[in-house]
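Here's the structure, in structure tokens; my notes come after.
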Amino acid sequence: MGIILWIIFGALVGWIASMLMGTNSQQGLVLNVVVGVVGAVVGGWIMNFLGSSGVDGFNLYSFVVAILGAIILIFIVKALTRT
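The opening position of the sequence shown corresponds to residue 25 in this note's numbering, with each subsequent residue numbered one higher.
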């Protein structure tokens, strides 16, 4: 995927994951893109570790993998920053 598609993909994934995790009001567009792209990397790494393919394009499977990775990322960040 090109850089523009990664930004669009990351924005969509980050936005959906932040809505599912209840952090949408705390994040802006830039943080949604960052969470989405890093979540896609995390989700792809986890799926590769489990023996499946990771994020390999702009399709439904990659979208679900990226959302799961972004949810895991948000969960970890929330757990570390909770005092």
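Here a beta-carbon is modelled for each residue, glycine too, at the ideal position from N, C-alpha and C.
What you are looking at is a predicted structure, and each value in this text was computed from that prediction instead of being measured.
(1) Reducing DSSP to helix, strand and coil, say where S77 ends up.
(2) Out of W69, L29, I95, V89, which has the shortest C-alpha to C-alpha gap to S42?
(3) For the putative contact between G26 and A64, defined by C-beta atoms under 8 Å, what is the C-beta separation to the nearest angstrom?
(4) Measuring CB atoms only, is the stretch 32–51 touching the stretch 59–74, in the sense that at least three cross pairs come out at less than 8 Å?
(5) Can you check whether the CB of N56 is closer than 8 Å to the CB of G38?
(6) Nearest-angstrom Cα distance between I70 and S86?
(7) Quick check: the Cα distance between V89 and L44, rounded to an integer number of angstroms?
(8) Taking all protein chains shown into account, decide if V54 is buried (16 or more other Cβ within 10 angstroms of its Cβ) or exposed.
(9) Taking the beta carbon of V101 as the centre, do at least 16 other beta carbons fall within 10 Å, making it buried, or is it exposed?
Let me lay it out:
(1) Within the sequence shown, the letter at position 53 stands for residue 77. Three-state DSSP puts S77 in coil, outside helix and strand.
(2) Stepping through the sequence shown from its first residue, residue 42 is reached at position 18. It is I95.
(3) Taking the first residue of the sequence shown as position 1, residue 26 is located at position 2. Taking the first residue of the sequence shown as position 1, residue 64 is located at position 40. Not confirmed; about 14 Å, so no contact.
(4) yes
(5) Indexing the sequence shown from 1 puts residue 38 at position 14. Indexing the sequence shown from 1 puts residue 56 at position 32. Yes, they are a contact pair.
(6) Here residue 70 refers to the residue found at position 46 when the sequence shown is read from its first residue. Here residue 86 refers to the residue found at position 62 when the sequence shown is read from its first residue. In a straight line, the C-alpha of I70 is about 12 Å away from that of S86.
(7) Against the sequence shown, residue 89 aligns to sequence position 65. Against the sequence shown, residue 44 aligns to sequence position 20. Whole-angstrom Cα-Cα distance: 15 Å.
(8) For the purposes of this step, residue 54 is identified with residue 30 of the sequence shown, where counting begins at 1. So V54 ends up on the exposed side.
(9) Numbered from its first residue, the sequence shown carries residue 101 at position 77. Counting Cβ neighbours within 10 Å, V101 comes out exposed, since fewer than 16 surround it.
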